[in-house]
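Read in order, the letters of the sequence shown are residues 878 to 1159 in this note's numbering.
For every residue, glycine included, the Cβ atom is placed at its ideal position computed from N, Cα and C.
Down below is the structure, laid out as structure tokens.
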Amino acid sequence: MTTFLGLGEMGSALAAANLKHGAGTVVWNRSPGKAPSGATVADTVAAAVAADPVIVACLFDLTSVHDVLDPVVLGPAAGGLAGRTLINLTTTTPNQSRGLAAWAADHGVTYLDGAIMAVPGMIGGPGSAVLYSGDAGAFEANRPLLDRWGTSTFLGVDAGAAALYDMAMLTGMYTMFAGFLHGAAMVAADGGSARGFAAMQAPFLAAMTGGLAGMASTVDSGTYTGQSLYFTETALAALLTASEEQGVDTRLLKPVHDLVRSQIEAGFGAQGTARIYEELRR
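Next up, the structure:
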């Protein structure tokens, strides 16, 4: 038996994956009527928590976690949270996750933080992955449950580690999506469709990811070899001009150009483009 708090799209997917494996599932949601078929619905958070020693929280944000669980911790609910394991899959920042871990420790709760690297439809299927950090014993003890959702990776006892890698990886995702939309706007100015552009852009971006390992090596070594910042600035200047010619806003690209320009002005123009890593670290 496992208790699930929160039945948004992701919370529902997590609970449904548990049910698919024939496991007992207790659910609670602020708004009724969202329980997946086969789940036991708890009327209150306290009743849901009391039903099982493992609690999975997938709520809206940090405030929601406290709003839902603080009354259980502070109130007369049977057993409260003390002695139970809280697996928090709510999206939080690294420091928020560390704060929740400290809060849990203060109340005798074992804490495992998780970051879901998938969309709801992927849960339990190929490509779904979840990063974890916090209590190592909780991770190992609950592997059968965790592995129902996707590939489980433990990043260490720092409760903020999973959230850190989640945020870092999402940075790449959102800037990729924004870059695609910028390009789609450019071709649309001449009558091109976003669908047609996507068919060309997707394989190109996939090929470009092959260069990440080499870029990572030059960053870690501090050598910053590769295509020079001088060359990159010229390319970015052309992209800015072309965007303006197509009537596309340049607010997405200009900060990248400015990072490159700043490193050139600092005397590093002959070094590789990865040198902007040093600019970002400031």
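query = Using a Cβ-Cβ cut-off of 7 Å (strictly less than) and excluding sequence neighbours within five positions of F1145, which residues of its own chain qualify?
reply = The residues are L1106, R1152.
key: Beta-carbon proximity of L977 to F1016, cut-off 8 Å   = Not a contact, by the Cβ cut-off of 8 Å.
key: Sequence-distant residues of the same chain with beta carbon closer than 7 Å to D929, five excluded per side   = Correct list, in chain order: M878, T879, T880, V903.
ask   = Excluding the five sequence neighbours on either side, which residues of its own chain have a C-beta within less than 6 Å of the C-beta of W905, listed in chain order?
value = L882, A919, V922, A925.
ask   = Which residues mark the beginning and the end of the beta strand (DSSP E) in which T902 is found?
value = T902 -> beta strand (DSSP E) spans 902-905.
inquiry  = Check for me: the beta strand (DSSP E) holding V931 runs from which residue to which?
reply    = If you look at V931, you'll find it in the beta strand (DSSP E) that goes 931-934.
query = Ordered along the chain, which non-local residues of its own chain (more than five positions away) have a Cβ less than 7 Å from that of T894?
reply = Before going on, a small fix: residue 894 reads as Ala here, not Thr. Contacts found: I1000, G1001, R1025, W1026.
inquiry  = In this structure, how does DSSP classify T970 when only helix, strand and coil are distinguished?
reply    = Coil at T970, not helix or strand.
key: Residue closest to T1109, alpha-carbon to alpha-carbon, out of A979, A1076, Q1148, D983   = If you compare the alpha carbons of A979, A1076, Q1148, D983 with that of T1109, the shortest gap goes to Q1148.
inquiry  = Quick check: what's the CA-CA separation for L896 versus T1030?
reply    = Distance between the alpha carbons of L896 and T1030: 22 Å.
query = Is it true that the segment 1036-1055 meets the segment 1002-1012, where meeting means three or more beta-carbon pairs spaced less than 8 Å apart?
reply = As far as the Cβ criterion goes, the segment 1036-1055 touches the segment 1002-1012, which means the pair count is three or higher.
message = Using C-beta distances below 6 Å, list every residue in its chain close to A1071, excluding the 5 sequence neighbours before and after it, in chain order.
response = Non-local beta-carbon contacts of A1071 in its own chain, meaning distances under 6 Å to residues more than five positions away in sequence, involve A1061 in chain order.
task = Return the CA-CA distance between K1131 and E886, expressed in angstroms with no decimal places.
result = Going by the C-alpha atoms only, they are around 36 Å apart.
query = Got a sec? Which residues, its chain only, sit under 6 Å from L1023 by beta carbon, not counting five neighbours each side?
reply = Result list for L1023: S1029, in chain order.
request  = Counting only the same chain and skipping the five closest in sequence on each side, list residues whose C-beta sits under 6 Å from that of S974.
outcome  = Contacts found: D990, A1036, G1037, A1040.
request  = Answer yes or no: do T1102 and T1095 have a C-beta to C-beta separation smaller than 8 Å?
outcome  = Yes, these two residues count as a Cβ contact at 8 Å.
query = Does the beta-carbon distance from V933 to L884 come in below 8 Å?
reply = In this structure, L884 does not lie closer than 8 Å to V933 by Cβ.
ask   = Under a three-way DSSP split, which group does A912 fall into?
value = Reduced to three states, the DSSP call for A912 is coil.
Enclosing alpha helix (DSSP H) for S1098 [first to last residue] = S1098 -> alpha helix (DSSP H) spans 1089-1098.
request  = Check whether the Cβ atoms of P981 and L966 sit closer than 8 Å, and answer yes or no.
outcome  = A small correction: the amino acid at residue 981 is Ala; Pro does not occupy that position in the sequence shown. The Cβ atoms of A981 and L966 do not sit closer than 8 Å to each other.
message = Please report the distance separating the alpha-carbon of S1098 from that of G1091.
response = Rounded to whole angstroms, S1098 to G1091 spans 11 Å at the Cα level.
message = Can you give me the C-alpha to C-alpha distance between Y1051 and V931, rounded to a whole angstrom?
response = Between Y1051 and V931, the C-alpha separation is close to 33 Å.
ask   = From which residue to which residue does the beta strand (DSSP E) around S1005 run?
value = Looking at the DSSP string, S1005 is not in any beta strand (DSSP E), and its letter there is neither H nor E.
inquiry  = Less than 8 Å between the C-beta atoms of E1156 and L1136, yes or no?
reply    = In contact: E1156 and L1136 (Cβ atoms closer than 8 Å).
ask   = Smallest Cα separation from G998: which of T987, S889, P909?
value = Nearest of T987, S889, P909 to G998, Cα basis: S889.
task = Would you tell me roughly how many angstroms separate the C-alpha atoms of S914 and L1116, rounded to the nearest one?
result = Using only the alpha carbons, I get a separation of about 52 Å.
task = Give the straight-line distance between the Cα atoms of L1058 and G985, rounded to the nearest whole angstrom.
result = In this structure, the straight-line span from the alpha carbon of L1058 to that of G985 is close to 47 Å.
Extent of the continuous beta strand (DSSP E) to which T1102 belongs = Taken as a continuous stretch (DSSP letters only), T1102 belongs to no beta strand (DSSP E), as it is neither H nor E.
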